[in-house]
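I have placed the structure first, in the form of structure tokens, so that the comments after it can refer back to it.
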Amino acid sequence: MILELSGGFPVNLLCEKMGIQRSSFYNWKHTLSHPAERTKALLSNLALFEEYHLRYPSHGYRWLNAKIRLDTGTVMSDPYAHKCCKTLGVKNGAKHYKYKKPGNPFKIYPNLLMTEMQIDRPLQCIVSDMTAFYVKGIYYELALYMDLWNNEILAHALSSRRGDRMTYLSGLDDLIGLKEQYPQYEMILHSDQGAVYASKAFNELLPMYSITRSMSRAGTPTDNAAMESINGWIKAEIFMDFHVTGESPVEQEVAAYITFFNTARPAYSLKYLTPQQYKEAYAPKDFITGVNAGS
């Protein structure tokens, strides 16, 4: 109020009437035009979090903090990131689902994921699933093959034909092509009991490449929880963060997202490294890094 009235009245008089020391008023006025470095940093970081939230609205403060650190090198603690996001009113906009259906114990292939095996290298266990979505009223099915060791999407295939078995088989061909580069590694391929996954065409060649099949129990998506979770994130991010609209070919937009997922998306389960960074840091020396997801 003193600042507003100081244009028409003496500051000495205004301070006297308000019971405020004149030096206190001038100190406060100085901070308005010369904010402390801490205040400047806070304002800068608030702007940074706001920018990244607009780009990736499906994520919360921890992921945004990791992504900012990855992109800019700016290091902030998670409590500080939470403070910034709380100040901005930032919350993740994605809705994710928990699967609780108990399912049926009938098996086609044994569920090897339930043996509490230790996954300690690339290509040890690959999980696969299909997710579906609409773009401009067109139905798409996306088959994914993900390395459970570092969450890297090793192969994918997209089709606008409902129930197109080639969506699964094309991705499988890419995975087999990758596996051929590492004949010394045995691999487990885990999926649900879908018709294509259980088909002879899908499974008959796998033993030739030292690939062992594993399946979830029928009606039990929690047996493939990692892949189910990733599917939820992917659909949220494709539309909320990448704004896939069909203006460009959907195949290209999905391929661009998967490249982002593998190389520029930090993951909580990987201590906020990207799948590519995690592989480069922890893969055995005989493993060649830099494999891109197939299409």
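Start counting the sequence shown at 0; every next residue gets the next number (numbering that gives the first Met the number 0). The beta carbon of each residue, even a glycine, is placed where N, CA and C say it ideally should be.
For residue i, which residues of its own chain have a beta-carbon under 8 Å away from its beta-carbon, when the five flanking residues on both sides are left out?
i	result
N223	L112, V126, D128, H189, S190, D191 and S215
V74	R68
Tell me the DSSP secondary structure of residue i in three-state form.
i	result
G18	coil
D146	strand
L122	coil
V253	helix
L53	helix
Y181	coil
A197	coil
M129	strand
Which value, in whole angstroms, describes the spacing of the CA atoms of residue i and residue j?
i	j	result
P109	Q183	23 Å
A254	V134	15 Å
A280	I137	40 Å
N26	P9	17 Å
I107	Y208	20 Å
E15	S23	12 Å
F241	R54	8 Å
T130	E36	48 Å
N44	C83	7 Å
K284	E49	40 Å
To which residues of the same chain is residue i closer than 6 Å at the C-beta, ignoring the five residues directly before and after it?
i	result
A156	A142, T166, S169 and G170
I252	The amino acid at residue 252 is misidentified as Ile; the sequence shows Glu. The answer, listed in chain order, is V243.
S158	E140 and T166
V249	V134
K90	none
Since residue i and residue j are thought to touch, with beta carbons under 8 Å apart, how far apart are those beta carbons, to the nearest angstrom?
i	j	result
K152	F260	Residue 152 is actually Ile in this sequence, not Lys. At roughly 6 Å, the Cβ-Cβ gap stays under 8 Å, so I152 and F260 are in contact.
P274	K66	Not a contact, Cβ separation roughly 14 Å.
K178	M186	6 Å
Y51	L42	That pair is no contact at about 15 Å.
Can you list, in chain order, the residues of its chain whose CB lies under 7 Å from that of residue i, leaving out five sequence neighbours each side?
i	result
K278	P121, N149, E151 and T288
D163	E140
R202	A small fix is needed here, since residue 202 is Asn in this sequence, not Arg. Cβ neighbours of N202 beyond the five flanking positions: R212.
Using a Cβ cut-off of 8 Å (strictly closer), state whether residue i contacts chain D.
i	result
G136	No chain D is present in this structure, which holds just one protein chain.
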